[in-house]
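Quick note: the sequence shown uses the working numbering, first residue 692, plus one each step. Using N, Cα and C, we set each Cβ at its ideal position, and we do this for glycine too.
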Amino acid sequence: MLQKFKNQKVWLIAVAVLLLQFFAPFFAEIAHAGTLAEVMVRSDRIAASTATTGRVCANPATAATEADVEVVFPAGWTLGAFGTFTVNTTNLDPGQTAWIGIGTATNVTGQTVTFPSGNLTVGTLYCFNWNNTAAVTTGTAGADQVFTVTTQTSTPTDIDTSSSA
């Protein structure tokens, strides 16, 4: 009788393990960032080693709730403290919409600057300007200067990302 009970117990455990392996992929959360439908980062000055202001624009492709936007500046560019990255949404070009909830940067780590963001609508080109020359000094001149813009949730998890040269 004891042997029969042990066999049933082993059999139940084996079935439970097999069921867990089968259903586990349905519960796993795998996050993949989408690609921004459009992205642009424009420095107002492009001469080497020059303090500059500039504009960041992005058109989200994925419907999600944004909380931040990260802008990665090219290697060799000098970035000020996060408090120097003040912003505005004035003098935008036709077709550009003021970035919702944008504010002074909350963090600068390496070449990455994090700005707060409001929730964006897919299909709209949002833009903002960093307007303090103490925030950014260009590096070497050249067409190989690549910026990356990434929208993020509050966790932070990447939503959409893309690069601009």
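State buried or exposed for Asp846, treating a residue as buried only when at least 16 other CB atoms are found within 10 Å of its CB. For the purposes of this step, residue 846 is taken as residue 155 along the sequence shown, with counting starting at 1. Looking at the sequence shown, residue 846 is not Asp but Thr. Classification of Thr846: exposed, given that the 10 Å Cβ count is below 16.
Bridge partners of Gly745, per DSSP? Working through the sequence shown from its first residue, we reach residue 745 at position 54. Partner(s): Ser734 and Trp821.
Let me check understanding here. Comparing Cα to Cα, which of Pro807, Thr831, Ala772 and Ala728 lies closest to Ser740? As a working mapping, residue 740 is identified with position 49 in the sequence shown. Out of Pro807, Thr831, Ala772 and Ala728, Thr831 has the C-alpha closest to the C-alpha of Ser740.
Taking three-plus beta-carbon pairs below 8 angstroms as touching, is the region 747 to 754 in contact with the region 730 to 738? yes
Could you compute how far the alpha carbon of Gly814 sits from the alpha carbon of Ala752? The residue you call residue 814 lines up with position 123 of the sequence shown. The residue you call residue 752 lines up with position 61 of the sequence shown. Approximately 7 angstroms between the Cα atoms of the pair.
I'd like to confirm the pairing. Which residues does DSSP put opposite Glu729 in its beta bridges? The count along the sequence shown starts at 1 and reaches residue 729 at position 38. DSSP output for Glu729 lists Asn750 as bridge partner(s).
Going straight from the alpha carbon of Val799 to that of Ala772, what length do you get? As a working note, residue 799 is residue 108 in the sequence shown. As a working note, residue 772 is residue 81 in the sequence shown. Computed Cα separation, rounded: 6 angstroms.
Can you tell me whether DSSP reads Phe773 as helix, strand or coil? Locating residue 773 in the sequence shown gives position 82, where the first residue counts as 1. Looking at Phe773 - three-state DSSP - the assignment turns out to be helix.
Straight-line Cα distance separating Asp835 from Ala856: As a working mapping, residue 856 is identified with position 165 in the sequence shown. As a working mapping, residue 835 is identified with position 144 in the sequence shown. For Ala856 and Asp835, the distance between alpha carbons rounds to 6 angstroms.
Would the region 816 to 829 and the region 783 to 793 be scored as touching if the rule is three or more Cβ pairs under 8 angstroms? yes
For Leu811, which option in Glu729, Ala755 and Ile737 has the closest C-alpha, if you only look at C-alpha atoms? Translated into positions along the sequence shown, residue 811 becomes position 120. The shortest C-alpha separation from Leu811 is found at Ala755.
If we call anything under 8 angstroms between Cβ atoms a contact, is Asp851 one with Thr842? Residue 851 sits at position 160 when you count from the first residue of the sequence shown. Residue 842 sits at position 151 when you count from the first residue of the sequence shown. In this structure, Thr842 lies closer than 8 angstroms to Asp851 by Cβ.
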